[in-house]
Each structure stands twice: as structure tokens, then as C-alpha cells.
Amino acid sequence: MSRARVARRIAAGAAYGGGSIGLIGVAAVGVVLAEAQLAKRTVGTGTAPLPPAADGLYGRAFGTEDPLRLALLGDSTAAGQGVRRAGQTPGALLASGLAAVAERPVALRNVALSGARSDDLERQVSLLLAQPLGPPDVCVIMIGANDVTHRMPATESVRLLAAAVRRLRTAGAEVVVGTCPDLGTIEPVYQPLRWLARRASRQLAAAQTIVVVEQGGRTVSLGDLLGPEFAANPREMFGVDLFHPSAEGYATAAMAVLPTLCASLGVWPEPDRLEPGRSEDVLPVAKAAAEAAKQAGTEVTGVRAPWALLKHRRRRRLTEAAEADAAEPRGPAGAAEGAHGGRGEPLPQDAPRT
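Per the working numbering, the sequence shown runs over residues 15 to 368.
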């Protein structure tokens, strides 16, 4: 059965209360359990630091009044577990990037929880919507890895995600979802578990895309956490526990999500027109979801049911970005830091908070 059909079945099961759709054949269970025990003994031999707090105001060079409000929800990937500095977390990277593109300050609130599954999204959404200033302007959700590793039924997983996106969209927030990452890239996981993990991750990612687009959100495929860098350089792109991304890994992920985040607010400088040379197209949403799951960094946006826009927004690889930054002339002292938001700074007592 094609990935598009499987994803549609999972999404339909979530919408209409269908039972769990198994992602792994019964005959493989014995082998999978043996491989899983081996992986558990190997993964996590290092100790990942707790996620640093990154909430605060970014882009102060553009002032402190009327900031855009950005919220992050999800699991340890959204929280930034695996790095030691607030500025290395995906929330800080996205807030700094959004401030630079929009030329406005950005107030960041991160309610993601390490270890969270999709059933924690209801609590996280309630935290955001209970704020006196109302909903954020835009929310980024990264969820799904723990659903796969804890064998949450895929239909239940996407039903919970759809409910969270629906609540946020109804409240007036834009929503961007980084879909389930490819767990088959975890270095100590061996075959056949690696293949099964990849298959389950991609099927869930495709189903997530369908329900998010149907609720008016946008998705970005995280795949192998966004680019061939993970497969080619796992020691550099994973953190000390060999499971969570390193600072370089989070930077690569943030570069892939940032264009869609900016586009959702109408501040991305490039238009949303199709570029056929980049394999962009308008496809049925299930087919677009399946295609996106195969290529990390792919955006899917609804155009008119049942059609969706499959788009590969321009982004630089991490090494290219570093080389360009090194070659770029520096302006007055502090100009570069101000433009990109610098490090996260706590909000002053009288500043708006999300």
C-alpha cells in the first residue's frame, strides 16, 4: 500500500474514530523487541542537559513595543534538550530569525515538555490560551517521536494533534507543525529496527500533514532532522546522548522551519508561486503529504480542499550559512547581533508576555 493511502487511512481513522492502524507486521514483533532492547542499551549513554530556558524578547534592535508573539509546543526537540545555551535552542533560533526577517521584536514563549507525546498538547495549548494577552501570533509544534517510541496508536496521535491545531487556529493563531522526525537516523539503532522506525516515522509524518493542513495549518517535514547532514555527520549533528540534536542539528532544523514560519505571517520576501524546477506542485493533500515525508524541509500548505501546495523554500545548508556569515562585512559594532536578535534576554517586568 502506498504511503499516501496509509497516511489517508490513519487520518481518516482519527477523524471518524477508527481503531489503531498497525505500522509494524506481527511477524516482525520478536525481532523488533530484541533490537529495541539493544538500542536502549546503546542510545542515551551520554547525559543530555536539561533544556535551557529561552523565553524572552528577541530583536531588541527593532524596539520593544508591539512584538510578534511566537510560541513553541511539543516534545524535547521543541524544548531544545541536548544543548546548554538558550541561544542554541530552536525557539531562540526561530525567534531571532523571525525578528530579523520581520524587522520587529519577537516575544518567545516555550511550553514544550521533554518526553511529551501528543496527548500533552491539550495541556500546552491551554497554557497558551490562558494568557491575558490572548493567543500567540504564530505557534510552532514539534511532536511525534515519543508517540512512535511509546507505540501510541497513529490514529490517536494525529487526532490529538488535529485537536490542538484546531484550537489554536480557532483562537486566531497561525500554526506551523514540524512533523515527526525520522527515527531511523539514530546512529546506534540497527536493522531491521532502523528500517521499521523510519517507516513508522514517515507514515506518522504524512498523516500529521494531512490533518494539520485540513485544520488550516502548515507543515514542514523534519525527516532526518532536515538534510543529509545527519546521515553524513551523525557525530556532529547529534548531541552527547546520540538521540537529541546538537547545536548544529538544531540550527539546521531551524533554517528549514524559519521560511515557513515567516510565510505564515506574510513576512517572507519570496512569493508563494510555484517553481517547477524545484519539484513544486499542487497535489492532492495525501499525495503531497507522502512526498513531503520523503524529503526533509518540504512545506505543505492547503490551497483548496482537497488540494495542497508542495513547496521547497530556499534555505542554505549549515556550512554554507557559516561561510556566508564569515565573508559578510561587519557594520557598526553590535549591528549583526541586533539584526538577528542576539541571545535571548528576559522580558522586562512591563513588557508583554505570551
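We put the beta carbon where it would ideally sit given N, CA and C, even for glycine. What you are looking at is a predicted structure, and each value in this text was computed from that prediction instead of being measured.
Secondary structure of residue i, DSSP reduced to three states
i	result
V46	Note that V46 has pLDDT 46, beneath the 50 cutoff, so the model's placement of it is unreliable and the number below is only indicative. In this structure, V46 counts as helix in the three-state DSSP scheme.
R212	helix
A302	helix
V191	strand
E79	coil
V281	coil
G70	strand
V20	helix
I155	strand
V120	strand
L197	helix
A25	helix
L218	helix
A310	coil
A338	Note that A338 scores 41 on pLDDT, short of 50, meaning its location in the model is unreliable and no value can be drawn from it.
Q51	A caution first: Q51 carries a pLDDT of 45, below 50, which makes its placement in the model too unreliable to give a value.
Euclidean distance between Cα positions of residue i and residue j
i	j	result
D69	L210	37 Å
A21	V191	16 Å
V97	T103	7 Å
A220	P66	31 Å
T266	A310	11 Å
V234	E79	30 Å
A176	A18	18 Å
L108	V271	8 Å
A300	T193	14 Å
E228	E262	33 Å
P162	P290	Residue identity check: residue 162 is Val in the sequence provided, not Pro. About 34 Å.
L324	R232	10 Å
P283	R23	37 Å
T315	A322	5 Å
L142	L127	14 Å
R212	G148	38 Å
L64	Y264	15 Å
G237	A92	15 Å
D429	L174	The chain is shown only over 15 to 368; residue 429 falls outside these bounds and no answer can be derived.
E170	V317	26 Å
V154	V139	11 Å
G129	H164	10 Å
A369	A25	Nothing in the structure corresponds to residue 369, since the chain is present only between 15 and 368.
P146	P81	15 Å
A144	M166	28 Å
R287	P195	27 Å
A113	P150	15 Å
Bounding residues of the alpha helix (DSSP H) (the contiguous stretch that carries residue i)
i	result
C276	A261 to S278
R137	L135 to L143
A176	A168 to T184
G237	It is not in any alpha helix (DSSP H) - G237 carries neither H nor E in the DSSP assignment.
T91	S90 to A93
T315	That residue, T315, is in no alpha helix (DSSP H); its beta strand (DSSP E) goes E313 to R318.
A109	P104 to A116
Top-ranked residue by Cα proximity to residue i, from the options
i	options	result
R216	A304, L87, A93 and F76	A304
G230	S128, L182 and F76	L182
A168	A113, R212, Q222 and V226	Q222
S260	A100, S293, A25 and L71	A100
G94	A268, R74, W321 and E117	A268
P320	P298, L142 and V281	P298
P285	R327, L82, E117 and Y72	R327
A75	V172, G111, A25 and R212	G111
V152	R287, T184 and R212	T184
A307	L197, L288, G148 and L279	L197
S293	G148, P149 and T312	T312
V172	R212, L218, V139 and L143	L218
I224	S140, E117 and V179	V179
G105	Y72, V317, P149 and P81	Y72
A302	V226, P150, G148 and R212	V226
L279	A25, G77, L64 and R83	R83
V115	P195, R287 and V281	V281
E117	R287, P195 and G77	G77
Enclosing beta strand (DSSP E) for residue i [first to last residue]
i	result
L297	D295 to P298
A126	Counting along the chain, A126 falls outside any beta strand (DSSP E), and DSSP gives it neither H nor E.
L324	W321 to K325
Near the ligand FMN: residue i beta-carbon under 7 Å from a heavy atom
i	result
A21	No copy of the ligand FMN appears in this structure; indeed no ligand is present at all.
Checklist entry - With contact counted as at least three CB pairs below 8 Å, one residue from each stretch, are the stretch 155-167 and the stretch 117-124 in contact? => result no
Next on the checklist: I want to know whether the stretch 81-98 touches the stretch 133-143 - three or more CB-CB distances under 8 Å.
Outcome noted: Segments in contact, yes.
Checklist entry - Are three or more beta carbon pairs between the stretch 271-289 and the stretch 172-192 nearer than 8 Å? => result yes
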